[in-house]
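One structure is given below, encoded as structure tokens.
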Amino acid sequence: MTASPVHVALEDAVLAAAREVIGDAPLQTAALTRAIIDRSRRYTSDRDRLAKPADRTADLAARAAFFTIADAPKLAIPIAELAARGAIPPRRPLRVTDLGAGCGALALGLVASLASDEPGGAMFEFTLIDRDVDALRIAAAALRRFAAAQHTELAITTRVADVTETALPAADLVLAGTVLNELPESARLPLARAALASLADDGALIIVEPALRDTSRALHTLRDQLLALAPPAAPHVFAPCTRQLAPCPMLANPDDWCHEARPLRLPPHTHELARVTHLRDDGLKFSYLTLRKQPRRLSDHPNAWRVVSEPRAPKGKVELDACSNAGLTRLRLLRRHRTDANRTFERAERGDVIETDATEITADTPVERRTFGR
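Here the sequence shown stands for residues 673 to 1046, numbered as in the working numbering.
Dropping the structure here:
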């Protein structure tokens, strides 16, 4: 499996933009590898140092030349889900606010997701907000380079500001990539509410967070807090949940959390960095939440289940953990009950939606499988 031409062009654009802003030295393999490992460690096991890198230029190099490129494809999944349901606002240019934009991972992912199918057919008006002026310089330069390679028109406004303190412009999409987990818990709900308030009626807020237990569970908690708001402030959950209710079933057990895991072939330079650091070399892993003002579900089927585990195949059966309005449940098919009506169940993977009226799949049980972003 080779990286797509879109991802290679994205990598080229980011690396060129990073060299313009920070020069060549921080991008050399040895220095870059150290900075990547340090940033990963601060995110996973040393979070007290999350905002305190030993060398800020080296950390910016790691953010741009590795994490931005590796994270950009994550947005393809929520965008594919919105597109499949006709839930991306039709306005052109599409007004996009990127909160905590950093070096532009989600903005680049959006251009890759929407422009690749219709070259020249997508236009964007970005407002990128971040406290780091140099990260914004890299993001803006990378976006312009990548958009030119994709024959896509865009306009960019950068704003050096704290996302919790600045007024948000009117938007069709608001993106928040790996930003909420860096904020105090008390700031997360107000920021999500401000983002939702800035949206057009048909707009969407997409929040992407690391696939760690604590950061994912914090996102599940935020979901429930938003659903508890009084109308019209309460949003509608579009994805990943087919469950429209609170509480999130994952919060019942402190060892549970919901996240996506998808295979991905990284572009060449990033792939080599993943190999030597042993990071991101097993594909995409992340948690996310897509919210809308207007009600629309990922599936119209009354019993639609989001698959939240890898499939298991103990002797004589196939099992999946799945979540819906009925809660967190194990779906099961005995192999002796396989028929043409339910055979698609065996091909289901984490992140798919299974439409079926039974948790114990029998020979007579119809099953539909919906995939997004594969």
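Here a beta-carbon is modelled for each residue, glycine too, at the ideal position from N, C-alpha and C.
| Item | Value |
| --- | --- |
| According to DSSP, is Thr1037 helix, strand or coil? | coil |
| Whole angstroms is fine: what's the gap from Asp886's alpha carbon to Asp834's? | 23 Å |
| Start and end of the alpha helix (DSSP H) containing Phe818? | Val805 to Ala821 |
| Start and end of the beta strand (DSSP E) containing His908? | His908 to Ala911 |
| My output table needs one value for Asp696: the three-state DSSP class, helix, strand or coil. | coil |
| Report the rounded CA-to-CA distance for Glu881 versus Thr729, giving the unit in angstroms. | 23 Å |
| If you measure between the beta carbons of Leu1003 and Ala1013, is that distance less than 7 Å? | no |
| Only counting the same chain, and skipping five residues up and downstream in sequence, which positions put a Cβ closer than 6 Å to that of Arg915? | Cys995, Ser996 and Asn997 |
| By a C-beta neighbour count over all protein chains shown, 10 Å radius and 16 as the cutoff for buried, is Asp789 buried or exposed? | Residue confidence is low: Asp789 scores 48 on pLDDT, short of 50, so the model does not pin down where it sits. Its coordinate-derived value is still stated next. Label assigned to Asp789: exposed. |
| What span of residues does the beta strand (DSSP E) with Ser959 cover, start to end? | Leu956 to Arg964 |
| Residues in its own chain within less than 8 Å of Ala703 by CB, not counting five upstream and five downstream? | Ala697, Ala730 and Ala733 |
| I'd like to know whether the C-beta atoms of Leu747 and Leu699 end up nearer to each other than 7 Å. | no |
| Determine the direct distance from the alpha carbon of Pro904 to that of Arg895, and round the result to whole angstroms. | 16 Å |
| Counting Cβ pairs, one atom from each stretch, are 3 or more of them under 8 Å apart for the stretch 711-721 and the stretch 673-693? | no |
| In its own chain, which residues sit with a C-beta less than 8 Å from the C-beta of Pro862, not counting the 5 before and 5 after it? | Thr836 |
| If distances are taken between C-alpha atoms only, which option among Leu780, Val846 and Ala812 comes closest to Ala869? | Val846 |
| Mind checking His823: buried by the 16 CB within 10 Å criterion, or exposed? | exposed |
| Does the pairing of the stretch 950-962 with the stretch 1026-1042 give three or more beta-carbon distances under 8 Å? | no |
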